[in-house]
Amino acid sequence: MNMTHLSALIQSVSCGKRGRLRISSQWDWGKLLYLFGLVAADGAVYENHDQHSYYVMFSNEEPVLLGAFEEAAEDLFPGVTIQRHLNQDGVTMLRINSLALVRLAKGLGIDADFTHVMRLPDDLVAAFLRGYFDGLLLDQSRSAGAAASAVAATNRPGRGSAQSNHA
138 MNMTHLSALI QSVSCGKRGR LRISSQWDWG KLLYLFGLVA ADGAVYENHD
188 QHSYYVMFSN EEPVLLGAFE EAAEDLFPGV TIQRHLNQDG VTMLRINSLA
238 LVRLAKGLGI DADFTHVMRL PDDLVAAFLR GYFDGLLLDQ SRSAGAAASA
288 VAATNRPGRG SAQSNHA
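Per this note's numbering, the sequence shown starts with residue 138, numbered consecutively.
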């Protein structure tokens, strides 16, 4: 059984009684890692049991990135509700309220040091880094030092050095 067949067997995921996410029959781990890369660059993974508040959020001013986040989320989780708000600075915030999605993100270290993400196969690490760098490089408020730190984090045993050909 390959991943496509396996994806067709899983219809939804949930944590507890609420927050069920429908899963696309054409599940794409690369697309999920790209979405999580955007979140890691300019978003949040929030979990507060006392308030029963759980969400994955991405904020940005770039319509292309906001659209990429929405498209990935809708492709992965058909029918998902994505809340759209402007913060006090006029920056768009996209939010998905889902404990299951929060647990997926936290399990991969999206809210921490990305250790688990960096142990995934190369194509999935690349998808995450594409989202991360897209989020950083198109967000004018970020420094180049943050991007350099992310590249340095990919230098792990057996992988060789990550290098950038861009000035």
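Glycine is no exception: its CB is placed at the ideal position from the N, C-alpha and C atoms. Keep in mind the model is a prediction, meaning the values are calculated, not measured.
- By the Cβ rule, the segment 241-248 counts as touching the segment 172-192, because three or more pairs are nearer than 8 Å.
- The way I'd put it, the segment 152-167 doesn't touch the segment 192-199; fewer than three beta-carbon pairs between them come closer than 8 Å.
- Bridge partners of M230 according to DSSP: S196 and H222.
- In the pairwise beta carbon analysis, the segment 264-273 is classified as not touching the segment 227-240: fewer than three pairs are separated by under 8 Å.
- Within the model, the alpha-carbon separation for W164 versus L213 is close to 6 Å.
- When C-alpha distances from V262 are compared across R159, I160, Y171 and S161, the shortest belongs to Y171.
- In terms of CA proximity to L158, R240 leads the group V254, R240 and T252.
- Exposure of S162 is indicated by the presence of fewer than 16 other C-beta atoms within 10 angstroms of its C-beta.
- With a contact defined as Cβ atoms closer than 8 Å, N197 and V228 qualify at about 7 Å.
- Here DSSP, grouped into helix, strand and coil, assigns A181 to strand.
- Annotation: the continuous alpha helix (DSSP H) that includes L236 extends over L236 to G244.
- Minimum Cα-Cα distance from E199 among the listed residues F251, L223, A242 and E211 corresponds to L223.
- With respect to the C-alpha of V182, the residue from K243, M255, F265 and L257 having the closest C-alpha is K243.
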